[in-house]
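**Q**
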Amino acid sequence: MTRKGSSPGHPIEGAPLGRLVSVVVSLGLILSVSACMGQSDVEVMIADLSEFQLQEGVYSPVSPMEEQVDPAPPNDMTSLYFAAAIADSTGEGARIIGAEGVERAKEYADITSRENQCDGMLFSAAILHIAEERNTELEQRAVSCTVDRLKNDGVHRMNADGVELAIQMVERLGYWENIPPLTAETFDVDTRLDRYHAWQILALLPYIENDQEIKRHYKREIIEAGKFLKNPDNDALLSEVVAAYKVPGSGTNINELPDGLLNWLESVRGCGNSETHYRASLDVDFCVLQDSWLGLISGLIPR
Numbered sequence: 228m229t230r231k232g233s234s235p236g237h238p239i240e241g242a243p244l245g246r247l248v249s250v251v252v253s254l255g256l257i258l259s260v261s262a263c264m265g266q267s268d269v270e271v272m273i274a275d276l277s278e279f280q281l282q283e284g285v286y287s288p289v290s291p292m293e294e295q296v297d298p299a300p301p302n303d304m305t306s307l308y309f310a311a312a313i314a315d316s317t318g319e320g321a322r323i324i325g326a327e328g329v330e331r332a333k334e335y336a337d338i339t340s341r342e343n344q345c346d347g348m349l350f351s352a353a354i355l356h357i358a359e360e361r362n363t364e365l366e367q368r369a370v371s372c373t374v375d376r377l378k379n380d381g382v383h384r385m386n387a388d389g390v391e392l393a394i395q396m397v398e399r400l401g402y403w404e405n406i407p408p409l410t411a412e413t414f415d416v417d418t419r420l421d422r423y424h425a426w427q428i429l430a431l432l433p434y435i436e437n438d439q440e441i442k443r444h445y446k447r448e449i450i451e452a453g454k455f456l457k458n459p460d461n462d463a464l465l466s467e468v469v470a471a472y473k474v475p476g477s478g479t480n481i482n483e484l485p486d487g488l489l490n491w492l493e494s495v496r497g498c499g500n501s502e503t504h505y506r507a508s509l510d511v512d513f514c515v516l517q518d519s520w521l522g523l524i525s526g527l528i529p530r
């Protein structure tokens with residue numbers, strides 16, 4: 228089953244696959260225009276992945292790495308995936324993974340397959356796909372497991388970010404037609420964190436079967452997303468800004484970003500020796516690899 232009103236060749240605007248396609252196309256245009264002008268922002272962002280690298284095929288989730296409380300384990304497939312996905316926007320994902328990363332991904336795939344760990348299989352399959360070392364059996368098991376979980380769990384405040392990431396990886400593997408219509412939770416929005424989770428759910432509207440109910444229930448949050456993006460406050464998180472930006476109907480155009488948002492993004496740009504990755508918020512000194520990927524795939528960064 229495919230998404231409502233969509234097909235692999237014509238993804239719904241605003242869906243993760245549609246955003247990924249538009250981002251890749253935009254990045255290609257940026258690179259072609261900037262070929263004689265030096266490196267583009269995304270090329271420098273990829274070069275700056277070295278700030279997250281611990282060894283070949285091993286990446287820290289944060290940079291500078293001394294900001295991380297516990298060292299990243301060699302089998303941290305999540306950080307390797309985000310680094311590879313960023314680099315794959317210009318076709319350099321395989322180089323970032325490297326031979327050591329491929330071997331670690333294969334070993335992790337074996338372990339998670341034996342233990343039937345759905346997330347582990349999906350991350351391993353996506354990494355091997357980027358590295359051009361596809362394992363069709365692994366992909367099919369990972370997708371089947373993920374689809375079953377999406378059907379059973381739907382989307383709620385505690386799993387929206389994981390659902391979005393899972394959908395991205397399933398689509399990357401080429402199994403977009405397997406993604407089922409999702410049932411989304413409605414809940415009272417009483418806190419800032421509640422609002423953030425509501426924005427995450429709204430970003431998944433193209434996949435949600437009770438989409439009209441969700442839009443009615445979170446009508447106020449849709450309006451607030453647009454207001455928030457005009458001038459993010461000092462307590463804003465980058466992940467919060469990205470979530471608000473992805474809300475359909477927020478009224479924010481990538482070609483006409485509000486000055487307040489542009490100023491805020493510029494204020495959180497740069498950490499350690501990187502000038503292209505973005506800090507998690509105004510009051511921290513580190514960048515988060517996952518935030519860089521989410522900002523990139525949303526189209527919000529790099530500009």
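Residue numbers (our numbering): 228 to 530. Backbone N, C-alpha and C fix where the C-beta goes; we use that ideal spot for every residue, glycine too. These numbers come from a predicted model, not from an experiment.
Applying the criterion that 16 or more other CB atoms from any shown protein chain within 10 Å of the CB defines a buried residue, is Met385 buried or exposed?
**A** Per the 10 Å Cβ criterion, exposed.
**Q** State whether the segment 480-492 contacts the segment 455-463, with contact taken as three or more CB pairs (one from each stretch) at a distance under 8 Å.
**A** Judged by Cβ distances under 8 Å, the segment 480-492 makes contact with the segment 455-463, as three or more pairs qualify.
**Q** I'd like to know if Leu521 contacts chain B, where contact means its C-beta is closer than 9 Å to some C-beta of that chain.
**A** Given the protein chain composition of this structure (a single chain), no chain B is represented.
**Q** Taking all protein chains shown into account, decide if Thr479 is buried (16 or more other Cβ within 10 angstroms of its Cβ) or exposed.
**A** Per the 10 Å Cβ criterion, buried.
**Q** Three-state secondary structure (DSSP) at Gln395?
**A** Note: Gln395 maps to helix in three-state DSSP.
**Q** Identify every residue that forms a DSSP beta bridge with Val382.
**A** Partner(s): Ala411.
**Q** Taking Ile273 and Glu319 to be in contact with their CB atoms under 8 Å, please state how far apart those CB atoms are, rounded to whole angstroms.
**A** Between Glu319 and Ile273 the Cβ distance is about 6 Å, and since that is below 8 Å, they are a contact.
**Q** So which of Ala430, Val285, His356, Val416 has the shortest CA-CA distance to Gly389?
**A** If we check each option's Cα against that of Gly389, Ala430 comes out closest.
**Q** Is Val374 near Leu400, with beta carbons less than 9 Å apart?
**A** Cβ atoms of Val374 and Leu400: not closer than 9 Å.
**Q** Less than 9 Å between the C-beta atoms of Ser287 and Phe279, yes or no?
**A** A contact, by the Cβ cut-off of 9 Å.
**Q** Residues in the same chain with beta-carbon distance under 8 Å from Trp426, minus the five sequence neighbours each way, listed in chain order, please.
**A** Cβ within range, chain order: Glu448, Ala452, Glu467, Ala470, Ala471, Lys473, Val474.
**Q** With a threshold of 7 Å on Cβ separation, who are the neighbours of Ile324 within its own chain once the five nearest residues in sequence on each side are excluded?
**A** For Ile324, where only same-chain residues beyond five positions count, the Cβ hits under 7 Å are Gly284, Leu307, Ala311, Ile354, Ile357, Ala358.
**Q** Residue range of the alpha helix (DSSP H) that Arg361 falls in?
**A** Taken as a continuous stretch (DSSP letters only), Arg361 belongs to no alpha helix (DSSP H), as it is neither H nor E.
**Q** Tell me the residue span of the beta strand (DSSP E) that contains Gln280.
**A** Counting along the chain, the beta strand (DSSP E) containing Gln280 begins and ends at 280-282.
**Q** How close, in whole Å, do the beta carbons of Leu465 and Tyr505 come, if the pair is a contact with beta carbons under 8 Å?
**A** About 5 Å separates the two Cβ atoms, so the contact holds.
**Q** Within a Cβ cutoff of 6 Å, which residues of the same chain sit near Thr413, ignoring the five residues on either side of it in sequence?
**A** Around Thr413: His444.
**Q** Kindly list the residues whose CB is nearer than 8 Å to the CB of Leu258, restricted to its own chain and excluding five residues on each side of it in sequence; keep chain order.
**A** In this prediction, Leu258 has a pLDDT of 39, which is less than 50 and means its spatial position is unreliable; what the coordinates show is noted afterwards. Ser267, Val269, Glu270, Thr317, listed in sequence order.
**Q** Might you give, ordered along the chain, the residues of its own chain that have their beta carbon closer than 6 Å to the beta carbon of Leu521, omitting 5 neighbours on each side?
**A** Hits under 6 Å: Val469.
**Q** With DSSP as the reference, label Ser253 as helix, strand or coil.
**A** Model confidence at Ser253 stands at a pLDDT of 40, short of 50, so the residue's coordinates are unreliable and nothing is read from them.
**Q** Can you check whether the CB of Met348 is closer than 9 Å to the CB of Arg368?
**A** For Arg368 and Met348, yes; Cβs fall inside 9 Å.
**Q** State the beta-bridge partners of Arg506 as determined by DSSP.
**A** According to DSSP, which records beta bridges pairwise, Arg506 is partnered with Cys514.
**Q** Between Leu527 and Ser494, what straight-line distance do the alpha-carbon atoms span, to the nearest angstrom?
**A** Going from the Cα of Leu527 to the Cα of Ser494 covers about 15 Å.
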